[in-house]
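Okay, so here's the structure we're looking at.
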Amino acid sequence: MSSFSDPAALSEALGPHSAVARAAAECLAALYQESESLPPVANSFRAWAASQPSDGENSPDDFIRHTCLSLLCRLMAYRFLEPLPSERDLWDVISGDYFVGAGLGNFLGEDFFSWPYFRRSMGIGDDQEGMDAARKLLSALQAFDFATPPPGLLSSLYLAYRGEDRISDEEVIPFGMRELADNPYLTFIAPRCGDGNALARCVSAAVDGRQARGEHPMEALLGVSGQFLSMTSDPLAYVVASVAFLVSLGEPAMEPHPPILIPVYMADFTRVPEGRLETSGQRSYVIDAADGITLPEQVAADPLYLDWLLSRLPNYQRGAALRLRAQPEDLAVQEVLNAWYNYLTSPKARTPIPDPLTPAAADVMVEAARALIVAYVRGSGPALLHLVRNAPAPLFGARRKFDLTI
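For what it's worth, the numbering used here labels the leading residue of the sequence shown as 4, then goes sequentially.
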């Protein structure tokens with residue numbers, strides 16, 4: 004089994020010009036050509052294109068290439084956590100359910116790059132071409148050892164899939180590394196984390212520093228996950244940085260652990276959601292980036308509530324889609340919303356959010372869920388929910404004080 008101690012070797016073996024990546028991209032390209040006019044695919048492409056620089060990559064070929072790397076990153080994260088991978092897990096890895104089960108609730112759920120699997124997500128098909136692409140990539144990854152990946156593992160791949168000729172400069176010492184050597188408990192915000200290379204090196208240093216001072220590995224894992232906050236507005240960089248953060252947590256992340264957040268968000272740190280006062284007297288926040296969907300302050304300003312609740316909403320979306328086979332849309336949506344309201348207002352013992360939402364906050368969340376579920380059953384795909392799950396990050400980032408900025 005080969006090891007990727009040299010990140011450049013990873014780029015050569017699995018980069019966009021490698022045989023396995025070309026084969027996977029061919030599967031995705033055929034699927035895109037067949038489905039590009041369908042709402043889940045068209046909406047995902049539009050959302051992705053809107054996030055790209057006006058003078059940068061925004062063609063379907065670029066979108067397919069970015070989708071390929073996103074899929075590869077998910078599978079690399081799976082290989083990192085699962086030394087004995089199985090094709091039986093593929094759909095759960097793609098949908099994010101595998102990572103929820105591994106205690107990583109906000110880690111790479113369905114997003115802009117989930118379009119090859121919208122039929123399977125909605126229970127209306129098997130998306131065989133997309134699954135074939137995933138199998139090809141997983142098969143290639145099984146030849147390599149990801150047990151001790153270097154922090155810069157993904158940076159060279161990211162640059163290659165973006166069509167950039169340069170390679171990641173691993174010699175540059177990220178700002179904050181020296182400070183972490185003296186104090187591994189410093190808090191960091193990375194408002195423009197890019198591909199997460201510098202972030203990952205700081206995370207790795209914090210984990211090592213905490214353990215060197217006698218912390219139990221699990222204590223170090225739980226502490227470091229709350230020590231950082233990072234954002235990027237680039238969808239591909241978000242995926243790469245999320246995986247970079249995860250693998251930089253090292254061996255403690257591979258062991259069973261309580262739910263933690265991977266604090267990487269696809270958000271523009273300059274776009275803080277606008278607050279408004281509801282008739283109930285409670286404050287809520289408008290997510291302009293997500294069609295003006297509104298979240299109550301209890302959720303928008305708290306990453307634990309944001310993650311725990313919205314990571315479970317896809318189950319309600321899929322439930323409504325299945326009900327449409329026997330019920331009209333308004334009834335199907337209302338029935339899952341009734342269950343959603345009951346969940347929001349019930350205590351959740353032994354979870355990160357044991358306290359229920361207030362009735363006023365739950366009412367706001369029901370209307371947010373209504374918009375998201377209706378959009379989903381009408382074929383919008385997961386892009387809108389992905390935006391809602393990430394856009395509040397500048398809000399709770401602004402409410403914290405950080406020691407250093409990466």
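Note that beta-carbon positions come from the ideal geometry of N, C-alpha and C, so glycine has one too. Nothing here was measured: the structure is a model prediction, and the numbers come from that model.
Going by other Cβ atoms of all chains shown within 10 Å of its Cβ, with 16 needed for buried, is residue i buried or exposed?
i: E222; result: exposed
i: S142; result: exposed
i: A215; result: exposed
i: T297; result: buried
i: N393; result: buried
i: I97; result: buried
i: T273; result: exposed
i: N345; result: exposed
i: N341; result: exposed
i: E218; result: buried
i: P419; result: In the structure displayed, the chain extends from 4 to 409; residue 419 sits before or after that span and is not available.
i: R49; result: exposed
i: I127; result: exposed
i: Q145; result: exposed
i: S38; result: buried
i: A256; result: buried
i: A390; result: Note that residue 390 is Leu in the sequence shown, not Ala. Its Cβ being crowded by 16 or more others within 10 Å, L390 is buried.
i: S17; result: In the sequence under discussion, the amino acid at residue 17 is Leu, which differs from the Ser named in the question. Buried, by the Cβ-count rule.
i: S54; result: buried
i: S62; result: exposed
Taking 8 Å as the threshold (C-beta atoms), are residue j and residue i in contact?
i: F231; j: V206; result: yes
i: S236; j: I263; result: no
i: P359; j: S349; result: yes
i: M234; j: A203; result: no
i: V289; j: K139; result: no
i: L224; j: F83; result: no
i: C76; j: V210; result: no
i: A163; j: L31; result: no
i: A433; j: L398; result: The chain is shown only over 4 to 409; residue 433 falls outside these bounds and no answer can be derived.
i: N200; j: S158; result: yes
i: G108; j: S314; result: yes
i: Y308; j: A372; result: no
i: A324; j: M180; result: no
i: P385; j: D114; result: yes
i: P19; j: R68; result: yes
i: F110; j: F102; result: yes
i: P194; j: P276; result: no
So for residue i, helix, strand or coil by DSSP?
i: R68; result: helix
i: I97; result: helix
i: D211; result: helix
i: V275; result: coil
i: F147; result: strand
i: N109; result: coil
i: F459; result: Any answer about residue 459 is impossible in this case: the structure gives the chain only from 4 up to 409.
i: A454; result: Here the chain covers residues 4 to 409 and nothing more, so residue 454 does not appear.
i: E258; result: coil
i: F121; result: helix
i: S349; result: coil
i: A324; result: helix
i: N341; result: helix
i: T226; result: Note on residue identity: the sequence assigns Gly, not Thr, to residue 226. G226: helix per DSSP, three-state reduction.
i: A50; result: helix
i: C76; result: helix
i: L156; result: coil
i: F178; result: coil
Pull the bridge partners of residue i from the DSSP assignment, please.
i: F191; result: F231 and L407
i: R286; result: L280
i: L298; result: Y288
i: Y241; result: In the DSSP output, where bridge partners are listed per residue, Y241 has none listed.
i: V267; result: S233
Please name the residue, chosen from the options, that lies closest to residue i on a Cα-to-Cα basis.
i: P86; options: E258, A201 and L13; result: E258
i: G197; options: T273, A244 and Q36; result: A244
i: S14; options: S57, A28 and L72; result: L72
i: K404; options: E218, I192 and D271; result: I192
i: T190; options: G226, E37, T273 and D135; result: G226
i: L239; options: S40, S47, R25 and A32; result: S47
i: G322; options: L309, L375 and R279; result: L375
i: D305; options: Q337, T282 and I356; result: I356
i: T151; options: A137, G253, R326 and G382; result: G253
i: Q285; options: P397, L312 and A365; result: A365
i: L347; options: A184, A105, Q301 and S21; result: Q301
i: A80; options: Q337, D130 and D148; result: D148
i: G133; options: M125, P119 and S124; result: P119
i: F66; options: L34, E370, L160 and F116; result: F116
i: G2; options: A33, L41, Y35 and L34; result: The question about residue 2 has no answer, for the chain in this structure spans 4 to 409.
i: R353; options: V380, V339, W311 and A335; result: W311
i: E29; options: W51, D64, A52 and S287; result: D64
i: S283; options: Y268, D291 and P299; result: P299
Measuring only between beta-carbons, confirm whether residue i sits less than 8 Å from chain D.
i: A352; result: Absent here is chain D; the protein component of the structure consists of one chain.
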